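The structure appears below as structure tokens.
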Amino acid sequence: MGRGRAKAKQTRVARELKYSSPNTDLTALQRELAGSSSTYTAPPAADDDDEDEDDTYADRWADDDSDDDWAASR
């Protein structure tokens, strides 16, 4: 009980958000969408020589299908 005011306020706020149209700064939007190549720099590429060398579990969890008899073929 006692949820009437809270629900009414929530409904009022939701309606305001749904039906209001705030002033949009179209020039700022255009600048943001156009962007410039000088503001963005791509991150350096990662070296993926062989990740298994550093992986301590590489040998333990290697793909060994010799004991996979639980998935019997039909």
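Take the sequence shown: its letters are residues 33 to 106, numbered as in my numbering.
Where is the CB? At the ideal position from N, CA and C, for every residue including glycine.
Keep in mind it's a predicted model, so treat the numbers as computed, not measured.
What are the start and end residues of the alpha helix (DSSP H) that includes residue i?
{"i": "arginine 47", "result": "36-51"}
{"i": "alanine 66", "result": "58-66"}
Once the 5 residues before and after residue i are set aside, which same chain residues still bring their CB inside 7 Å of it?
{"i": "leucine 49", "result": "none"}
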